[in-house]
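To start, the structure itself, in structure tokens.
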Amino acid sequence: MPIPVFVNAYRRAYELRERALRAADAGLYDAAAFYMRKIIEVIADSFVERYRELGRGAEFEIFCRRNGRSTYSLNEKVDFLCSQENIPAASRDAYDAVRTYGNAAVHKTDFREDPRQHAELMRRLDVELTSFYRMAMGD
Numbered sequence: 001m002p003i004p005v006f007v008n009a010y011r012r013a014y015e016l017r018e019r020a021l022r023a024a025d026a027g028l029y030d031a032a033a034f035y036m037r038k039i040i041e042v043i044a045d046s047f048v049e050r051y052r053e054l055g056r057g058a059e060f061e062i063f064c065r066r067n068g069r070s071t072y073s074l075n076e077k078v079d080f081l082c083s084q085e086n087i088p089a090a091s092r093d094a095y096d097a098v099r100t101y102g103n104a105a106v107h108k109t110d111f112r113e114d115p116r117q118h119a120e121l122m123r124r125l126d127v128e129l130t131s132f133y134r135m136a137m138g139d
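At position 51 of the sequence shown (counting the first as 1) the number is 51 in the UniProt record's numbering, and the numbers step up by one without a gap.
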């Protein structure tokens, strides 16, 4: 059975994916990296929201406090998502790689426009989006 919070997140993530592809096609790899980073944020946000729906919303806040974090930024959300036992190691690696790439573009630190690296990260992100879609639809 489809899970509405994940279905809505997938819809937003797919729209962001399309923007990332258009930006990369135009040679705007920093913009594409930003959209890829937003995709990860949308996915992470949906997990936090789903925990709230299930009455487990405090787990995210506890995770942040336990790790000495006072903000609920992308990094905290992705770290929380990656800390969940049901997230495969390959997914954790992909989320972390895309986050690092996107953060470098957003914060203008160590960002290199490398079409091959971008294509590989986009491929990994597409694999994650496919898995996320199946989960959203209850498969």
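Beta carbons are placed, not taken as given, at the ideal position from N, Cα and C, and that holds for glycine.
If residue i sits next to residue j, beta carbons under 8 Å apart, how far is it from one beta carbon to the other, in whole angstroms?
i	j	result
residue 106	residue 37	6 Å
residue 97	residue 129	With 8 Å as the limit, residue 97 and residue 129 do not qualify as a contact, their Cβ atoms being about 14 Å apart.
residue 80	residue 127	So it is not a contact: roughly 21 Å between Cβ atoms.
residue 94	residue 125	7 Å
Taking residue i as part of the alpha helix (DSSP H), name the residues at either end of that continuous run.
i	result
residue 137	From DSSP, residue 137 is part of no alpha helix (DSSP H); its letter is neither H nor E.
According to the Cβ coordinates, are residue i and residue j closer than 8 Å?
i	j	result
residue 138	residue 43	no
residue 102	residue 34	yes
residue 52	residue 74	no
residue 39	residue 17	yes
residue 104	residue 111	yes
residue 113	residue 14	no
Between residue i and the rest of its own chain, which residues show a CB-CB distance below 8 Å, the 5 nearest in sequence each way excluded?
i	result
residue 8	46
residue 117	101
residue 132	6, 9, 10, 13, 43
Taking 6 Å as the limit between beta carbons, can you name the residues of its chain near residue i, skipping five residues before and five after?
i	result
residue 1	138
residue 20	32, 35, 36
residue 92	82
Sorted by chain position, which residues of the same chain lie with C-beta nearer than 7 Å to residue i's C-beta, five sequence neighbours on each side aside?
i	result
residue 69	76
residue 60	48, 51, 80
Any heavy atom of the ligand COA closer than 7 Å to the beta-carbon of residue i?
i	result
residue 114	Among the components modelled here there is no ligand, and therefore nothing to report on the ligand COA.
### Message
If we require 4 or more residues per run, which alpha helix (DSSP H) segments fall completely within the UniProt domain "DUF4145" (19-111)?
### Response
29-53, 58-66, 74-83, 89-106
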